[in-house]
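See below for the structure under consideration.
Number of protein chains: 2
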Amino acid sequence: MSGVRAQQKQKTRQALIEAAFNQLSADHSFSNLSLREVAREAGIAPTSFYRHFKDMNELGLTMVDEAGLTLRQLMRQARRRIANDGGSVINTSVVTFMEFIDNSSNQFRLLLRERSGTSKAFRAAVAREVKHFILELAHYLESETKCDAIHAYIQSEAMVTLVFNAGAEALDLEGQQRDELTERVIWQLRYITRGAGHYIRETNKEA
Amino acid sequence: MSGVRAQQKQKTRQALIEAAFNQLSADHSFSNLSLREVAREAGIAPTSFYRHFKDMNELGLTMVDEAGLTLRQLMRQARRRIANDGGSVINTSVVTFMEFIDNSSNQFRLLLRERSGTSKAFRAAVAREVKHFILELAHYLESETKCDAIHAYIQSEAMVTLVFNAGAEALDLEGQQRDELTERVIWQLRYITRGAGHYIRETNKEA
DNA sequence: ACTCTCAGCGTACAACTGTAAGCTAAAATA
DNA sequence: TATTTTAGCTTACAGTTGTACGCTGAGAGT
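Those protein sequence lines, which keep their order, are chains A and B. Each residue of the first sequence is one higher than the one before, counting from 46 in the numbering used here. Each residue of the second sequence is one higher than the one before, counting from 46 in the numbering used here.
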């Protein structure tokens with residue numbers, strides 16, 4: 046009943062996932078991973094892989110889920126910071142996201158690449174995670190600003206797209222160039238906030 | 046002197062490039078291509094590949110250049126349309142871009158994927174092409190609106206990012222969903238124009 | 001205590017990969 | 001015309017990949 050068996054299984058399953066994440070890097074994407082190498086790094090025989098996943102695909106989808114989870118935790122953390130430290134919403138969010146890219150770069154790389162990757166299932170999975178992200182931001186905007194749901198969504202989508210993309214570029218930058226990039230995104234987010242605000246005010250006048 | 050030799054060489058070189066583009070698809074990215082398959086489709090022996098390219102990498106970089114060229118031609122076409130048909134700048138640009146995605150989806154896919162791909166050289170090459178794109182738009186904005194160079198650049202960067210990203214999503218959509226997506230991007234671009242305009246006006250007041 | 005389940009192993013194989021070496025015939029050059 | 005150059009070929013090899021098959025030994029269930 047203690048489940049020594051199941052516990053060990055869970056452990057090597059996690060070892061596989063971690064091995065796979067470890068092998069991701071700037072010049073190694075998920076589709077370059079081989080089942081055998083992952084198994085090797087996890088310390089099991091190649092054929093034992095199948096005791097845990099049907100496929101490399103199945104492993105990958107699990108990894109996408111995990112990365113999405115990290116992303117959502119991150120967002121919650123950003124909201125806590127905003128509430129406590131009372132910093133600017135835009136600034137805090139962008140800085141938090143940049144930290145995600147540094148601390149969990151391989152998880153970010155997975156999302157980034159598989160978003161336009163080779164498997165429809167992967168693309169859909171990433172799109173789902175990103176959509177969560179967008180929706181949470183949209184709800185926030187909707188409650189903070191007087192703003193109808195549709196505009197809030199469109200606005201959030203734009204913001205997430207820009208931040209996500211800046212993250213992708215940031216992966217290849219350091220130091221000053223990176224700071225400049227960060228500054229540019231912040232401006233871009235301000236544009237959107239302003240612009241959306243304008244259109245919303247106009248809509249309200251009509252009503 | 047006629048160069049029958051060089052002419053034939055150029056021809057099979059192009060055949061290799063086209064074969065490679067043909068093998069790209071929704072579920073086949075450049076890194077999945079094998080030298081042998083490309084050679085096979087081009088109708089030459091695997092080892093003859095090396096008479097034209099040192100590497101698959103070299104082929105790929107050539108392909109990125111070609112895709113970038115197509116992209117720039119597209120942009121010129123969009124500007125012509127705007128000048129002649131006198132349509133809205135934003136609308137025409139977005140529609141033109143969506144056409145690019147349909148007509149040259151494999152070229153777009155290459156840019157899209159290698160932008161966050163596995164090779165730094167590729168990423169740099171794509172970034173260069175995109176930067177061309179941004180700069181041309183920035184010049185346009187700078188001349189059309191009263192707008193300093195930096196704001197024009199930041200604004201263009203945001204717009205290109207959003208359109209590019211929407212293109213990526215459009216690849217998996219059809220019909221109504223796609224139209225909705227197009228509509229959303231157009232809104233997002235309007236936000237940016239408005240928002241940027243606002244900040245620029247403010248800057249001008251100070252000066 | 002006895003049986004069942006199953007995570008992990010080793011072996012094996014066919015498919016494919018990139019690429020080295022050397023030949024050939026035709027175009028270019030002298 | 002004689003010589004050189006070279007695009008493309010064939011053959012060959014070593015490496016890697018996914019995965020089928022069957023075994024084993026230790027936990028789980030009774």
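Even glycine gets a Cβ: it sits at the ideal position worked out from N, Cα and C.
Local Cβ density within 10 Å of B/Y95, reported as buried at 16 or more and exposed below that: Along the second sequence, read from residue 1 onward, the residue named residue 95 of chain B stands at position 50. Burial call: exposed.
Check whether the segment 138–152 of chain B and the segment 113–124 of chain B are in contact - that is, three or more C-beta pairs closer than 8 Å. yes
Distance, B/L78 Cα to A/L218 Cα: Counting from one through the first sequence, the residue named residue 218 of chain A turns up at place 173. Counting from one through the second sequence, the residue named residue 78 of chain B turns up at place 33. The straight-line gap from Cα to Cα measures roughly 29 Å.
Who are the Cβ neighbours of A/N67 in its own chain at under 7 Å, not counting the five residues just before and after it? Taking the first residue of the first sequence as 1, we reach residue 67 of chain A at position 22. These residues qualify, in order along the chain: E86.
Sequence-distant residues of its chain with Cβ nearer than 8 Å to B/A215 (five each side left out): Numbered from its first residue, the second sequence carries residue 215 of chain B at position 170. The residues are M143, I146, R223, L226 and T227.
Measuring only the C-alpha atoms, how far is B/A197 from A/L156? Locating residue 197 of chain B in the second sequence gives position 152, counting from the first residue. Locating residue 156 of chain A in the first sequence gives position 111, counting from the first residue. Cα to Cα, B/A197 sits roughly 30 Å from A/L156.
First and last residue of the uninterrupted alpha helix (DSSP H) at A/K337: What the structure shows of chain A is the stretch from 46 to 252, and residue 337 of chain A is not part of that stretch, so it cannot be assessed.
Under a CB-based cut-off of 8 Å, is B/A217 close to chain A? Along the second sequence, read from residue 1 onward, the residue named residue 217 of chain B stands at position 172. What sits at residue 217 of chain B in the sequence shown is Asp, not Ala. Yes, because at least one Cβ of chain A sits closer than 8 Å to the Cβ of B/D217.
Please report the residue range of the alpha helix (DSSP H) in which A/A194 lies. Taking the first residue of the first sequence as position 1, residue 194 of chain A is located at position 149. Its alpha helix (DSSP H) spans residues A194 to A215.
9 Å Cβ cut-off: residues of chain B touching A/D110: Counted from its first residue, the first sequence places residue 110 of chain A at position 65. None at all; the shortest Cβ gap to chain B is about 20 Å.
Could you tell me whether the Cβ of A/G19 comes closer than 8 Å to any Cβ of chain B? This structure cannot settle anything about residue 19 of chain A, because the visible part of chain A is limited to 46 through 252.
Rounded to whole angstroms, how far is the Cβ of B/Y236 from the Cβ of A/Y244, which I believe are closer than 8 Å? Here residue 236 of chain B refers to the residue found at position 191 when the second sequence is read from its first residue. Here residue 244 of chain A refers to the residue found at position 199 when the first sequence is read from its first residue. Indeed, because the Cβ distance is near 7 Å, the residues count as touching under 8 Å.
Using a Cβ-Cβ cut-off of less than 8 Å, list which residues of the segment 69–83 of chain A approach chain B; keep chain order. A71, D72, H73, S74, S76 and N77
Closer than 8 Å to chain A by CB, B/Q200: As a first step, residue 200 of chain B must be located in the second sequence, where it is residue number 155. Yes, B/Q200 counts as interfacial toward chain A.
What does B/S161 reach in chain A if we use C-beta pairs closer than 9 Å? Here residue 161 of chain B is taken as the residue at index 116 of the second sequence, counted from 1. Within chain A, the residues near B/S161 are S74, R154, L157, R158, R160, S161, A213 and L216.
For a test of the three-state rule: what should DSSP assign to B/H243, helix, strand or coil? Here the question's residue 243 of chain B lines up with position 198 in the second sequence. Here B/H243 sits in helix by DSSP.
Counting only beta-carbon separations shorter than 8 Å, does A/Q233 have a partner in chain B? As a working mapping, residue 233 of chain A is identified with position 188 in the first sequence. At a cut-off of 8 Å between beta-carbon atoms, A/Q233 makes contact with chain B.
Report buried or exposed for B/N257, applying the criterion of at least 16 other Cβ atoms within 10 angstroms of its Cβ. Since the first residue of chain B shown is 46 and the last is 252, residue 257 of chain B is not available in this structure.
Should B/Q200 go down as buried or exposed, given a rule of 16 or more other Cβ atoms within 10 Å for buried? Here residue 200 of chain B is taken as the residue at index 155 of the second sequence, counted from 1. Buried is the label assigned to B/Q200, since at least 16 other Cβ atoms lie within 10 Å of its Cβ.
Measuring alpha carbon to alpha carbon, tell me which residue in A/S74, A/P91, A/H73 and A/F75 is nearest A/R81. The sequence position of residue 81 of chain A within the first sequence is 36, counting from 1. Looking at the Cα atoms, A/P91 is the closest of the given residues.
Once DSSP output is grouped into helix, strand and coil, what is the label at A/H184? Residue 184 of chain A sits at position 139 when you count from the first residue of the first sequence. Helix.
If we ignore side chains and look at the alpha-carbon of each, how far apart do B/E181 and A/R126 end up? Numbered from 1 along the second sequence, position 136 holds the residue referred to as residue 181 of chain B. Numbered from 1 along the first sequence, position 81 holds the residue referred to as residue 126 of chain A. So the alpha carbons of these two residues sit roughly 39 Å apart.
What number of angstroms, rounded off, separates the C-alpha of B/F178 from the C-alpha of B/T115? For the purposes of this step, residue 178 of chain B is taken as the residue at position 133 of the second sequence. For the purposes of this step, residue 115 of chain B is taken as the residue at position 70 of the second sequence. Those two C-alpha atoms are separated by around 11 Å.
Pick from B/R124, B/G113 and B/S74 that is closest to B/M101, judged by C-alpha positions: Residue mapping note: residue 101 of chain B aligns to position 56 of the second sequence, counting from 1. When each option's Cα is compared against that of B/M101, the closest is B/S74.
Cutoff 7 Å; reference A/A65; Cβ partners in own chain excluding five residues on either side: One-based indexing of the first sequence puts residue 65 of chain A at position 20. Excluding positions up to five away in sequence, the list reads L78, V83, L104 and M108.
Would you kindly report the start and end of the unbroken alpha helix (DSSP H) that includes A/L106? Here the question's residue 106 of chain A lines up with position 61 in the first sequence. Unbroken alpha helix (DSSP H) run through A/L106: M101 to D130.
From the beta carbon of B/L104, is the nearest beta carbon of chain A less than 8 Å away? Counting from 1 along the second sequence, the entry for residue 104 of chain B is found at position 59. No, no contact with chain A.
Relative to the C-alpha of B/M204, which residue among B/E159, B/K176, B/I89 and B/Q59 is closest? The residue labelled residue 204 of chain B in the question sits at position 159 within the second sequence. When only C-alpha atoms are compared, the closest one is B/K176.
Let me confirm a value: B/S133 is counted as buried when at least 16 other C-beta atoms fall within 10 Å, else exposed. Which label applies? As a working mapping, residue 133 of chain B is identified with position 88 in the second sequence. B/S133 is exposed by the Cβ-count criterion.
For A/H73, three-class secondary structure by DSSP: Indexing the first sequence from 1 puts residue 73 of chain A at position 28. Strand, per DSSP.
Return helix, strand or coil for B/A252, following the three-state DSSP convention. Looking up residue 252 of chain B in the second sequence gives position 207. Legend: pLDDT at B/A252 = 47, less than 50; position of this residue unreliable, no value from coordinates given.
How long is the line joining the alpha carbons of A/Q55 and B/A166, rounded to whole angstroms? As a working note, residue 55 of chain A is residue 10 in the first sequence. As a working note, residue 166 of chain B is residue 121 in the second sequence. Between A/Q55 and B/A166, the C-alpha separation is close to 39 Å.
Cross-chain neighbours of A/K165 in chain B, by beta carbon under 8 Å: Here the question's residue 165 of chain A lines up with position 120 in the first sequence. Here the neighbours are A71, D72 and D217.
Neighbour flag for A/L207 against chain B, beta carbons, 8 Å: Locating residue 207 of chain A in the first sequence gives position 162, where the first residue counts as 1. Using a Cβ-Cβ cut-off of 8 Å, A/L207 counts as an interface residue toward chain B, since at least one Cβ of chain B sits closer than that to its own.
At which residues does the alpha helix (DSSP H) containing A/E86 begin and terminate? Numbered from its first residue, the first sequence carries residue 86 of chain A at position 41. L80 to A87 is the extent of the alpha helix (DSSP H) around A/E86.
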